[in-house]
Amino acid sequence: MKKIYRSLIMLPLFASGALQSCQLESEVYDKINSSMYPTTERDARDLVTDSAYGPFQNDGYSGLFNIATGAGLTADIASDYGFCSWGDICWYSLEKADFTKIETRNTTATWGRLNGISKMTLNIDRIQNIDMDETKKAQYIAELRCGRGFLGFVGYDMYGPIIVADLETLKDPMAEKILPRLSEEETIKFIETELQEAAKVLPKNYKKGDSDYGRFTAGLCHTILMKLYMQTHQWDKAVAEGRELMKPEYGYALVTDKGNESCAYANIFTFANEKNAETIWAVNCEEGYQYHLWYPHAIVGNLVDSPQGSFAGGWGGYKMLWDFFNTFEEGDQRTSVIISEYSDGTNTYNQENKGSSANSLADGVIPLKYKIEDNVGDHCVTDWIVYRYADVLTLMSEALVHKDNSVSAEAIDLLNQVRTRAGLPAYTAADFTGAEDFIDKLLWERAHELWYESGQRRQDLIRNNKYVEFMSNKCKANGWPDVISQKGTIMHVFPLPDSAINEGQGQIKQNPGY
């Protein structure tokens with residue numbers, strides 16, 4: 001299956017009546033029940049495609065990874081490089097880490113998407129009863145369990161402990177039962193168990209050309225597990241997951257050829273090289289089915305010419321702050337997919353002449369990343385990468401140093417694989433004064449590698465207890481109120497929507513500090 005889309009099951013609605021013995025009787029066929037659906041292997045696949053993959057779309061303004069209200073974009077703006085030139089309240093609170101209970105769409109949107117876990121739970125139960133090939137049944141159930149763990153991790157990352165409904169409660173929807181949030185330990189255990197069990201069944205990886213490319217894999221499960229263990233400081237487990245993903249049978253590798261681009265890094269994010277061996281999981285895109293709107297959100301409307309190409313009709317929203325851009329080392333090839341100079345046909349904008357509006361470089365450089373392809377309009381159909389192997393290698397490097405509180409040759413080598421791919425000189429042991437200095441340098445390497453990719457920078461800073469410091473520096477450098485210094489680490493998670501608290505009637509507790 002080349003692309004993964006949601007399937008909507010449409011059943012015809014009929015009513016039949018017959019006059020017998022002067023009594024009108026009717027049979028109703030407009031209700032779906034277990035004797036009608038699901039009953040076949042195709043029904044099972046459709047259920048899984050809808051419920052397991054539907055939440056993880058980046059299709060215009062739909063899905064967990066859409067680039068307007070999605071979890072990744074929200075976390076990226078709420079990091080030390082993120083900025084949106086439109087300036088309304090939903091962006092203001094994120095840029096300045098001044099999260100409030102006001103239900104701005106970005107801080108609350110993901111909470112509403114977590115009910116997808118319940119839908120997957122119900123479908124696991126439904127599929128159990130279908131008479132079908134047992135191997136396929138096991139795979140579909142594993143995909144649903146991966147989806148539950150995946151969605152649970154995203155929710156935990158943004159809000160802390162989540163709510164998980166049990167099957168008995170879900171099967172009795174008419175009963176009014178308010179479920180409290182799980183504890184921290186219960187949330188972590190739920191995510192861990194779902195991903196571990198799914199990984200036992202799912203194929204390790206799919207490659208370009210495989211009919212099921214885009215469906216969940218063991219590789220995805222182990223990547224999310226690694227991230228879970230990193231965020232919870234379980235360094236031994238994180239190292240074990242990293243070693244698993246580095247096994248040759250998964251087939252992951254850094255993109256090292258530049259193709260027709262200026263460098264290998266630029267080649268990762270092109271249509272011609274989508275589904276490359278570095279990609280662990282991406283949202284599959286294809287015109288007419290699913291597309292993402294990165295171009296209009298990030299590119300300015302007056303761009304006529306730049307080293308990265310031309311694009312008409314951008315909205316000039318997302319930027320990378322100049323202070324962050326200036327932390328890249330000279331010669332870092334990763335800046336080749338950032339627009340730091342362009343012409344509007346009359347004026348040339350750059351760091352010396354930034355301009356003064358959203359359609360300029362006044363607020364920062366343009367984080368292009370995805371190559372401007374021909375004849376796509378606002379739509380980009382290059383697959384939207386969520387996780388890739390460079391992330392795993394650098395996390396592994398970090399985990400090794402945290403685990404042993406020392407800098408090993410292996411940790412340096414893993415970091416250098418990513419660093420030298422960007423055209424920078426390799427680090428040697430002499431470049432580090434100790435473990436803390438190594439972590440500081442590694443975090444900058446990850447920042448320069450993974451900007452605007454599913455909120456990696458925010459996770460990195462929180463995991464290393466640097467989020468308050470870096471966001472405070474961001475606010476001070478831009479003359480903004482330094483709220484986060486006063487509120488501290490409570491800002492490591494977003495507030496729950498007021499609607500969730502009100503509906504919880506005392507059972508659902510707000511995050512501390514809100």
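Mapping of the sequence shown onto this note's numbering: residues 1 to 514, in sequence order. Note that beta-carbon positions come from the ideal geometry of N, C-alpha and C, so glycine has one too. The structure displayed is predicted, hence computed values, not measured ones.
- Under the DSSP assignment, Val239 falls in the alpha helix (DSSP H) whose first and last residues are Trp235 to Leu245.
- In summary, Gln351 is exposed, with fewer than 16 beta-carbon neighbours lying within 10 Å of its beta-carbon over all protein chains present.
- Just measuring C-alpha positions, the residue of Leu73, Lys227, Ala44 and Ser356 sitting nearest Leu293 is Leu73.
- Taking Gly242 as the centre and dropping the five residues before and after it, the same chain places the C-beta of Met226, Val392, Leu395, Met396 and Ala399 closer than 7 Å to its C-beta, in chain order.
- When secondary structure is reduced to three states using DSSP, Glu286 falls in the strand class.
- Ranked by how close their Cα comes to the Cα of Tyr53, the residues Ile501, Leu167, Met120 and Gln231 have Met120 in first place.
- Taking 9 Å as the cut-off, the Cβ atoms of Trp111 and Tyr159 count as close.
- Bounds of the beta strand (DSSP E) holding Trp384 are Trp384 to Arg388.
- Going by DSSP, Cys84 is part of the beta strand (DSSP E) stretching over Gly82 to Cys84.
- Collapsing the DSSP output to three states places Ile366 in a strand.
- Per DSSP, Met226 is one residue of the alpha helix (DSSP H) stretching across Ala218 to Gln231.
- Residue range Tyr318 to Met320 is occupied by the beta strand (DSSP E) that includes Lys319.
- Distances from the alpha-carbon of Asp88 to those of Lys275, Ala362, Tyr318 and Gly504 put Tyr318 closest.
- Linking Glu410 to Ser310 through their CA atoms gives a straight-line distance of about 42 Å.
- Here DSSP, grouped into helix, strand and coil, assigns Tyr342 to strand.
- Taking the Cα positions, Gln231 is about 30 Å away from Asn267.
- The count of Cβ pairs closer than 8 Å, one atom from the segment 464 to 476 and one from the segment 74 to 82, reaches three, so the stretches are in contact.
- Check the Cα spacing between Tyr252 and each of Lys509, Ala68 and His222: the tightest is with His222.
- The beta carbon of Phe99 is closer than 7 Å to those of Ser93, Thr107, Met491, Phe494 and Pro495 in its chain, skipping five residues each way along the sequence.
- Under DSSP, Ser357 shares a beta bridge with no residue.
- Listed in chain order, the non-local C-beta contacts of Ala142 below 6 Å within the same chain comprise Ala198, Val201 and Leu202, local neighbours out to five positions each way being set aside.
- Here Gln57 really is in contact with Val283; their C-beta atoms are around 6 Å apart, less than 8 Å.
- For the 9 Å CB-CB criterion, Gln308 and Ile280 do not form a contact.
- In this structure, the straight-line span from the alpha carbon of Ala272 to that of Phe150 is close to 28 Å.
- DSSP, read as helix, strand or coil, puts Arg181 in coil.
- The beta carbon of Gln510 sits closer than 7 Å to those of Pro495, Leu496 and Ile501, all from its chain and outside the five residues before and after it, given in chain order.
- Residue state for Tyr514 is assigned as coil, using DSSP reduced to three classes.
- Counted as a single uninterrupted DSSP element, the stretch harbouring Arg334 is not any alpha helix (DSSP H), since DSSP gives it neither H nor E.
- A direct Cα-Cα distance of roughly 25 Å separates Glu192 from Trp384.
- The alpha-carbon separation between Lys371 and Val337 amounts to approximately 7 Å.
- Under DSSP, Thr348 takes part in a beta bridge, and its partners are Ser343.
- Taking a contact to require three or more Cβ pairs closer than 8 Å, the segment 402 to 419 and the segment 439 to 452 qualify as touching.
- Rounded to whole angstroms, the Cβ separation of Leu443 and Asn464 is 6 Å, and the two are in contact under 8 Å.
- Taking C-alpha positions only, Phe432 is separated from Leu245 by approximately 27 Å.
- Excluding sequence positions up to five before and after Ser51, its CB lies within less than 6 Å of the CB of Lys119, Met120 and Asn123, all in the same chain and listed in chain order.
- Between the beta-carbon of Asp76 and that of Asn66 there is about 13 Å, and that puts the pair past the 8 Å contact cut.
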